[in-house]
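Novice: Quick one: this structure, given as structure tokens, is what I'll be asking you about.
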Amino acid sequence: MESLKKNKEFKKVYNNGKSYVSRNLVLYVLQTPEKDFNKYGLSVSKKVGNAVVRNKLKRRMREIIREFEKKDFKAYDIVFIARNPAAKLDYQELKRDIKKLFKKANLF
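Below you can see the structure in the form of structure tokens.
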């Protein structure tokens, strides 16, 4: 799983990508035909909770994305932004929410 690291990479996805929203997460998707792999970025604000809560949420999201990565969609830059209620979700609820956003974005 490749990740977006630089601020300019995130801004490119925010400015040029398409967004999809759920109660707990926001998904930004930008197609990048010059690549044959996906790059992911995770953003969790300090408003969501303390460092322990934010890192736990990011670990869960990373693992869920790894599971869905086996699907056949390639050449996208994808950014997830966690909203406040996401901190209270258990693993299965978070997985269901991410899957719903992927379907909204027609990624599978």
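Each residue of the sequence shown is one higher than the last, beginning at 167 in the numbering used here.
Glycine included, every Cβ here is placed at the ideal spot set by N, Cα and C.
1) If you draw a straight line from the alpha carbon of LYS174 to that of LYS254, how long is it in whole angstroms?
2) Just verifying my parser: in three-state terms, what is the DSSP assignment at VAL179?
3) Nearest-angstrom Cα distance between ASP202 and LYS240?
4) Taking the C-alpha atoms as reference points, what is the distance between SER211 and PHE176?
5) List in chain order: all unbroken beta strand (DSSP E) runs of 3+ residues lying wholly within the stretch 196 to 267.
Specialist: Checking against the coordinates, here is how it stands:
1) Here residue 174 refers to the residue found at position 8 when the sequence shown is read from its first residue. Here residue 254 refers to the residue found at position 88 when the sequence shown is read from its first residue. Rounded to whole angstroms, LYS174 to LYS254 spans 30 Å at the Cα level.
2) For the purposes of this step, residue 179 is taken as the residue at position 13 of the sequence shown. In this structure, VAL179 counts as helix in the three-state DSSP scheme.
3) Position 36 of the sequence shown, counted from the start, is the residue given in the question as residue 202. Position 74 of the sequence shown, counted from the start, is the residue given in the question as residue 240. Those two C-alpha atoms are separated by around 6 Å.
4) To locate residue 211, count along the sequence shown from 1; it is residue 45. To locate residue 176, count along the sequence shown from 1; it is residue 10. The alpha-carbon separation between SER211 and PHE176 amounts to approximately 14 Å.
5) As far as the stretch 196 to 267 is concerned, its whole beta strand (DSSP E) runs of at least 3 residues are 205 to 210 and 242 to 248.
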